[in-house]
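This report concerns only the one structure given below.
Printed below as a string of structure tokens:
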């Protein structure tokens, strides 16, 4: 059996420019600690090696201190006689990682930085022969399907593929630029025992033998929850893939519904403290290692107060201090003002006339039935369902009119 840890997308020297200095430095340190944990796991669990499937680094600005840390961690791995398979990604520096030349003659370091597939054959401590095929990115904008150039499995050895590649069918949060894209069918056709992918930051198995490890630690609010890598145990007739957690700092995001009952910012502060405490109670991590975003939604008399950055900053600081969090961000996503509809109707305005027309339609059965002639209904809908749908549309229209004329959504 061959046992490997698959990780990717660490972006070890990323800047976290949007965060305040103290949080930024802790996030940077957290990335290094997460990587140290992964290295330690390989050694302590006596694995055969580590797979780095691209974007180990984020850019070509590598502080000298970080260079020395990387060298020390790699040396620790090699001293323990553990293999490192590193295939570069689109963020990894192109031809500037000169400090890695120190390992040019290192038998346990296998560097895949060429856009042509590199094929290695290694005899592992178990006696199993491992065939490794990988390639890297030679430019920041590699669009070719390089995996199509990989050789197919041709013997009964254990075959491992490594590539920092987009697979269009994989799940991703938001738009993700396609680099070195390959279809799942392209990869499956190689018949490898395992294919280690990088690029998409969400851990997922595309099949029982093809996987993205996700990243070691989240980089923003889109990358929430536990992060880490995959323990891959390869046998001639079987495979086991097990998630492992390594992240030092964790990002989380929650939605908070504003209600009519909250009439002061002081009441909102109390409600948010209770809400956040409940939300994080099941997270197995110290609160000072958590970065939270709370999305505020709903109609409230506090809408105008929540437009003020000063109020949001103060509430965030109180929640951070009282719960002991690393960072908190309150974000008004869809907040609008509560209004008195009857008061609006009593006014003689364009808005009151528009609302009156909508209400008249909703309450007049004859007019509602005339609207049934509109070509907006599914053929399978019953009379009752059509009437209900018209009433729903009229209610939404009424709310949209109020939003447009009065609320001014924030």
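In the working numbering, the protein residues as written are 666 to 1075.
Where is the CB? At the ideal position from N, CA and C, for every residue including glycine.
This one's a predicted model, so the numbers in the text were calculated from it and none came from an experiment.
(request) Classify residue 661 as helix, strand or coil using the three-state DSSP reduction. (result) Outside the shown range of the chain (666 to 1075) lies residue 661, about which nothing can therefore be said.
(message) Assuming the contact rule is C-beta atoms closer than 8 Å, residue 922 and residue 970 should be a hit. Round their C-beta distance to whole Å, please.
(response) Position 257 of the chain shown, counted from the start, is the residue given in the question as residue 922. Position 305 of the chain shown, counted from the start, is the residue given in the question as residue 970. No, residue 922 and residue 970 are not in contact; Cβ-Cβ is about 17 Å, not under 8 Å.
(message) For residue 954 and residue 941, what's the separation of their Cα atoms in angstroms?
(response) Locating residue 954 in the chain shown gives position 289, counting from the first residue. Locating residue 941 in the chain shown gives position 276, counting from the first residue. Each residue's alpha carbon lies about 14 Å from the other.
(request) Can you give me the start and stop residues for the alpha helix (DSSP H) that residue 877 sits inside? (result) Numbered from 1 along the chain shown, position 212 holds the residue referred to as residue 877. Per DSSP, residue 877 belongs to no alpha helix (DSSP H); it is in the beta strand (DSSP E), 875-877.
(message) Using a 10 Å radius around the Cβ and a threshold of 16 neighbouring Cβ atoms, would you call residue 870 buried or exposed?
(response) Numbered from its first residue, the chain shown carries residue 870 at position 205. Counting Cβ neighbours within 10 Å, residue 870 comes out exposed, since fewer than 16 surround it.
(message) Please list the terminal residues of the continuous beta strand (DSSP E) segment that includes residue 922.
(response) As a first step, residue 922 must be located in the chain shown, where it is residue number 257. Start and end: 915-922.
(message) For residue 796, which residues in the same chain have their Cβ closer than 6 Å to its Cβ, ignoring the five residues on either side in sequence?
(response) Along the chain shown, one-based indexing puts residue 796 at 131. The residues are 786, 822 and 824.
(request) Compute the distance between the beta-carbons of residue 778 and residue 720, then report whether it is under 9 Å. (result) On the chain shown, position 113 is the one that residue 778 refers to. On the chain shown, position 55 is the one that residue 720 refers to. No, the Cβ-Cβ distance between residue 778 and residue 720 is not below 9 Å.
(request) Have a look at 713, 731 and 826 and flag the residue whose alpha-carbon is nearest the alpha-carbon of residue 793. (result) Here residue 793 is taken as the residue at index 128 of the chain shown, counted from 1. That would be 713, whose Cα lies nearest to the Cα of residue 793.
(request) For residue 903, count neighbouring Cβ atoms within 10 angstroms of its own Cβ and tell me buried if that reaches 16, exposed if not. (result) Along the chain shown, read from residue 1 onward, the residue named residue 903 stands at position 238. Looking at its Cβ environment, which holds fewer than 16 other Cβ atoms inside 10 Å, residue 903 is exposed.
(request) Kindly indicate which three-state DSSP category residue 752 falls into: helix, strand or coil? (result) As a first step, residue 752 must be located in the chain shown, where it is residue number 87. Correct three-state label for residue 752: strand.
(request) Name the residue from 827, 763, 911 and 985 whose alpha carbon lies nearest to the alpha carbon of residue 876. (result) Taking the chain shown and counting its residues from 1, one reaches residue 876 at position 211. Of 827, 763, 911 and 985, the residue nearest in Cα terms is 827.
(message) Could you pull the DSSP bridge partners for residue 861 from this structure?
(response) Counting from one through the chain shown, the residue named residue 861 turns up at place 196. Note: residue 861 sits in a beta bridge opposite 827 and 876.
(message) I'd like to know whether the C-beta atoms of residue 916 and residue 889 end up nearer to each other than 9 Å.
(response) Residue 916 sits at position 251 when you count from the first residue of the chain shown. Residue 889 sits at position 224 when you count from the first residue of the chain shown. Taking 9 Å as the Cβ cut-off, residue 916 and residue 889 qualify as a contacting pair.
(request) Along the beta strand (DSSP E) that carries residue 897, what are the first and last residues, could you check? (result) Counted from its first residue, the chain shown places residue 897 at position 232. Start and end: 893-899.
(message) For residue 762, count the other beta carbons within 10 Å of its own beta carbon; 16 or more makes it buried, fewer makes it exposed. Which is it?
(response) In the chain shown, the residue the question calls residue 762 occupies position 97. Buried, since its Cβ has 16 or more Cβ neighbours within 10 Å.
(request) Buried or exposed for residue 722, please, with buried defined as at least 16 other CB atoms from any protein chain shown within 10 angstroms of its CB. (result) The residue labelled residue 722 in the question sits at position 57 within the chain shown. Buried is the call here.
(request) Whole angstroms is fine: what's the gap from residue 972's alpha carbon to residue 994's? (result) What you label residue 972 is simply residue 307 of the chain shown in a count that begins at 1. What you label residue 994 is simply residue 329 of the chain shown in a count that begins at 1. Note on geometry: alpha-carbon atoms of residue 972 and residue 994 lie some 14 Å from one another.
(message) Quick check: is the beta carbon of residue 846 nearer than 9 Å to any beta carbon in chain D?
(response) No chain D appears in the structure shown, which is made up of a single protein chain.
(request) Taking residue 936 and residue 927 to be in contact with their CB atoms under 8 Å, please state how far apart those CB atoms are, rounded to whole angstroms. (result) Sequence index remark: in the chain shown, residue 936 carries index 271 (1-based). Sequence index remark: in the chain shown, residue 927 carries index 262 (1-based). So it is a contact: roughly 6 Å between Cβ atoms.
(request) Using 10 angstroms around the beta-carbon of residue 1001, count the other beta-carbons present and answer buried if the total reaches 16, otherwise exposed. (result) What you label residue 1001 is simply residue 336 of the chain shown in a count that begins at 1. Per the 10 Å Cβ criterion, buried.
(request) Throw me the rounded Cβ distance for the residue 885 and residue 674 pair, which I believe falls under 8 Å. (result) Stepping through the chain shown from its first residue, residue 885 is reached at position 220. Stepping through the chain shown from its first residue, residue 674 is reached at position 9. Actually they are not in contact, since the Cβ atoms of residue 885 and residue 674 sit about 13 Å apart, beyond 8 Å.
(message) What does the Cβ neighbour count give for residue 766, buried or exposed, with the cut at 16 atoms within 10 Å?
(response) The sequence position of residue 766 within the chain shown is 101, counting from 1. Classification for residue 766: exposed.
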